[in-house]
Amino acid sequence: MKIAVLKETAPGETRCAAIPETVKKFIALGADVAVETGAGTAAGITDADFEAAGAITGDRSAVLGDAGIILCINGPDAADLAGAPAGALLVGALDPLRRRDAVDAYARAGLQALAMEWMPRITRAQSMDILSSQSNLAGYKAVVDAAGAFGRAFPMMMTAAGTVSPARVFVMGVGVAGLQAIATAKRMGAQVSATDVRSATKEQIQSLGAKPIFVENVAGIEGEGQGGYATEMSDEYRAAQAELVSAHIAKQDIVVTTALIPGRPAPRLISDAQVASMRPGSVIVDLAAEAGGNVEGTKAGESVRQHGVTIIGATNLARSLSADSSALFSRNLYNFLSAFWDKDKNAPELADDDEIVVGTRLTKDGKVVSERLAEA
Ligand code: NAD
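Taken in order, the sequence shown gives residues 1 to 376; the numbers are from full-length UniProt numbering.
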């Protein structure tokens with residue numbers, strides 16, 4: 001089985017779908033690995049590093065020829081996969097909802113496309129979950145970026161010249177990114193509080209030493225839907241949340257928002273008036289910027305100043321930690337494929353009724369087979 005690793009072509013992409021460690025592990029399984037020349041450069045990995053791990057390197061047509069598996073970070077256009085054998089697996093973050101035409105083209109090309117972002121959220125698949133691994137890094141980087149844009153220190157400092165008070169950090173949305181944002185802000189010495197619609201997060205917030213800020217006494221506020229994700233909240237809940245947040249936010253220096261609802265635009269959590277209530281010099285990092293933003297005035301991919309408050313419309317922060325994000329993404333890919341590896345066939349055996357296969361597989365035998373895509 002030959003595994004091809006592509007060089008990413010998306011603007012701003014720095015990650016690579018393999019690292020020398022995963023190359024060695026795939027070879028230990030019995031595979032051959034071919035890495036496109038320069039694939040690791042932006043993540044600090046040279047062709048020589050890949051070769052030392054046992055891979056061969058070459059141009060795209062050389063790595064694609066005879067490949068049984070193609071690894072990528074972002075889904076390439078099918079035209080850029082010319083020469084890939086029919087039946088080859090294409091595995092990466094294929095963004096199926098926004099790239100429906102590309103999925104159809106994968107089917108026409110006879111590729112078996114597997115969308116890693118549709119990994120089911122089950123215990124068995126935790127080590128394969130690219131959304132978690134990349135969100136974790138994004139949560140960390142959001143706080144580091146906020147600290148960089150903030151004209152004050154995070155920890156309390158008692159100096160001969162007087163005391164510096166600790167920064168107050170508020171995290172809205174306590175999923176994977178939010179939990180890491182809380183942990184990072186705590187490590188940096190800030191006073192941290194956090195909120196979510198899922199009441200299960202209250203204990204997690206407390207266990208990190210932060211203060212939970214929660215809407216109480218509103219009927220039907222469980223907030224947890226399928227797969228541990230949030231549901232859309234009632235008008236009553238939203239009004240109570242807005243009131244609570246208004247009082248709290250005016251006293252905060254840094255706000256990190258991460259609230260997402262699968263398949264829906266990001267919920268609006270902070271209005272322009274609430275931004276105006278913050279002290280000038282405060283910083284908001286909106287990790288939901290690409291899904292429309294949690295903050296009124298967020299511009300995806302830009303940093304804007306509103307009422308003296310900096311609003312960072314963060315997109316794909318994991319890219320700015322290219323070595324770590326490549327390592328975690330690559331291990332997710334390895335953990336996925338190796339879990340299905342059939343030693344005798346020297347290839348993954350993807351059973352049609354396996355929950356992980358059902359969730360991630362988009363195309364097979366020339367057809368689009370994903371039920372989720374059909375429903376969308
Ligand atoms: P996400 O990125 O979908 O959303 C981020 C957070 O925003 C969530 O905690 C959500 O509840 C919250 N949110 C949504 N609307 C909100 C609102 N109006 N106000 C405040 N907060 C709001 O979440 P995620 O990071 O993908 O994690 C979702 C859940 O899935 C978590 O419980 C996580 O532990 C779980 N998870 C499980 C696995 C697994 O078992 N394999 C893997 C990853 C995550």
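From the three backbone atoms N, C-alpha and C, an ideal C-beta is built for every residue, glycine too.
Next item on the list: May I ask you to check if the CB of Val357 is nearer than 7 Å to at least one heavy atom of ligand 1?
Entry: Indexing the sequence shown from 1 puts residue 357 at position 357. False, no ligand heavy atom lies under 7 Å from that Cβ.
Check: DSSP on Ala247, reduced to helix/strand/coil?
Finding: Translated into the one-based positions of the sequence shown, residue 247 becomes position 247. Ala247: helix per DSSP, three-state reduction.
Next item on the list: Find out if the Cβ-Cβ distance for the pair Ala4, Leu64 is shorter than 8 Å.
Entry: Stepping through the sequence shown from its first residue, residue 4 is reached at position 4. Stepping through the sequence shown from its first residue, residue 64 is reached at position 64. Yes, Cβ-Cβ distance for Ala4 and Leu64 is below 8 Å.
Notebook entry, point to check: Taking C-alpha atoms, which residue in Asp354, Pro85, Asp286 and Glu216 lies nearest to Ala181?
Noted result: Here residue 181 refers to the residue found at position 181 when the sequence shown is read from its first residue. Nearest of Asp354, Pro85, Asp286 and Glu216 to Ala181, Cα basis: Asp286.
Check: How about Gly44 and Ala323: do their beta carbons lie closer than 8 Å?
Finding: For the purposes of this step, residue 44 is identified with residue 44 of the sequence shown, where counting begins at 1. For the purposes of this step, residue 323 is identified with residue 323 of the sequence shown, where counting begins at 1. Yes, Cβ-Cβ distance for Gly44 and Ala323 is below 8 Å.
Next item on the list: Report yes if the C-beta distance between Ile261 and Asn294 is below 8 Å; otherwise report no.
Entry: As a first step, residue 261 must be located in the sequence shown, where it is residue number 261. As a first step, residue 294 must be located in the sequence shown, where it is residue number 294. Contact: no.
Notebook entry, point to check: Just how far apart, CA to CA, sit Tyr140 and Thr184?
Noted result: Against the sequence shown, residue 140 aligns to sequence position 140. Against the sequence shown, residue 184 aligns to sequence position 184. Near 6 Å, if we compare the C-alpha coordinates of Thr184 and Tyr140.
Checklist line | Backbone secondary structure at Pro170 - three-state DSSP | finding: As a working mapping, residue 170 is identified with position 170 in the sequence shown. Note on identity: in this sequence residue 170 is Phe, with Pro being the wrong assignment. Note: Phe170 maps to strand in three-state DSSP.
Notebook entry, point to check: Nearest to Arg98 by alpha carbon, out of Pro85, Glu117, Asp80 and Gln112?
Noted result: Translated into positions along the sequence shown, residue 98 becomes position 98. Per the Cα distances, Glu117.
Checklist line | Asp101: first and last residue of the uninterrupted alpha helix (DSSP H) it sits in | finding: The count along the sequence shown starts at 1 and reaches residue 101 at position 101. Arg100 to Arg108 is the extent of the alpha helix (DSSP H) around Asp101.
Notebook entry, point to check: How far does the beta strand (DSSP E) with Gln112 in it reach, from first residue to last?
Noted result: For the purposes of this step, residue 112 is taken as residue 112 along the sequence shown, with counting starting at 1. That run of the beta strand (DSSP E) goes Gln112 to Ala115.
Next item on the list: Report the residue ranges of all alpha helix (DSSP H) runs contained in full by the region 118-181; include only those spanning at least 4 residues, in chain order.
Entry: 130-149
Notebook entry, point to check: What are the start and end residues of the beta strand (DSSP E) that includes Ile312?
Noted result: Within the sequence shown, numbered from 1, the residue matching residue 312 stands at position 312. Residues Val309 to Gly313.
Check: Taking buried to mean at least 16 other C-beta atoms within 10 Å of its own C-beta, is Gln126 buried or exposed?
Finding: Residue numbering aside, residue 126 sits at position 126 when the sequence shown is read from its first letter. By the neighbour-count rule (16 or more Cβ atoms within 10 Å), Gln126 is not buried but exposed.
Note to self: Quick check: the region 362-374 against the region 53-60, are at least 3 beta-carbon pairs closer than 8 Å?
What the structure shows: no
Notebook entry, point to check: Beta-carbon separation of Leu90 and Ala17 under 8 Å?
Noted result: Walking along the sequence shown from the start, residue 90 turns up at place 90. Walking along the sequence shown from the start, residue 17 turns up at place 17. In this structure, Ala17 does not lie closer than 8 Å to Leu90 by Cβ.
Check: Taking the continuous beta strand (DSSP E) assigned at Arg305, which residues delimit it?
Finding: Within the sequence shown, numbered from 1, the residue matching residue 305 stands at position 305. From DSSP, the beta strand (DSSP E) with Arg305 extends over Ser303 to Gln306.
Check: Pick from Met233, Leu317, Gly297 and Gly151: whose alpha carbon is nearest that of Ile311?
Finding: Working through the sequence shown from its first residue, we reach residue 311 at position 311. For the residues Met233, Leu317, Gly297 and Gly151, the minimum Cα distance to Ile311 belongs to Gly297.
Item checked: Residue of Leu131, Val103, Asp352 and Gly68 minimising C-alpha distance to Ala79 -> Position 79 of the sequence shown, counting from 1, holds the residue named residue 79. Ranking Leu131, Val103, Asp352 and Gly68 by Cα distance to Ala79 puts Val103 first.
Next item on the list: Consult DSSP for Asp49 and reduce its assignment to one of helix, strand or coil.
Entry: Counting from 1 along the sequence shown, the entry for residue 49 is found at position 49. Note: Asp49 maps to helix in three-state DSSP.
Check: What's the call for Ser109, buried or exposed, on a 16-neighbour Cβ count within 10 Å?
Finding: Position 109 of the sequence shown, counted from the start, is the residue given in the question as residue 109. At residue 109 the sequence reads Ala, which differs from the Ser that was named. Ala109 is buried by the Cβ-count criterion.
Margin query: Suppose you measure from the CA of Arg187 to the CA of Ala39; what does that come to, to the nearest Å?
Written below: Position 187 of the sequence shown, counting from 1, holds the residue named residue 187. Position 39 of the sequence shown, counting from 1, holds the residue named residue 39. Cα to Cα, Arg187 sits roughly 34 Å from Ala39.
Notebook entry, point to check: Span of the beta strand (DSSP E) holding Asp32?
Noted result: By 1-based counting over the sequence shown, the position of residue 32 is 32. Asp32 to Glu36 is the extent of the beta strand (DSSP E) around Asp32.
Next item on the list: Let me know if Gln206 comes out buried or exposed under the rule of 16 or more other beta-carbons within 10 Å of its beta-carbon.
Entry: Indexing the sequence shown from 1 puts residue 206 at position 206. Label assigned to Gln206: exposed.
Note to self: For ligand 1, I want to know if Ser135 counts as a neighbour, meaning its beta carbon is within less than 7 Å of at least one of the ligand's heavy atoms.
What the structure shows: Position 135 of the sequence shown, counted from the first residue, corresponds to residue 135. Result yes, Cβ under 7 Å from ligand 1.
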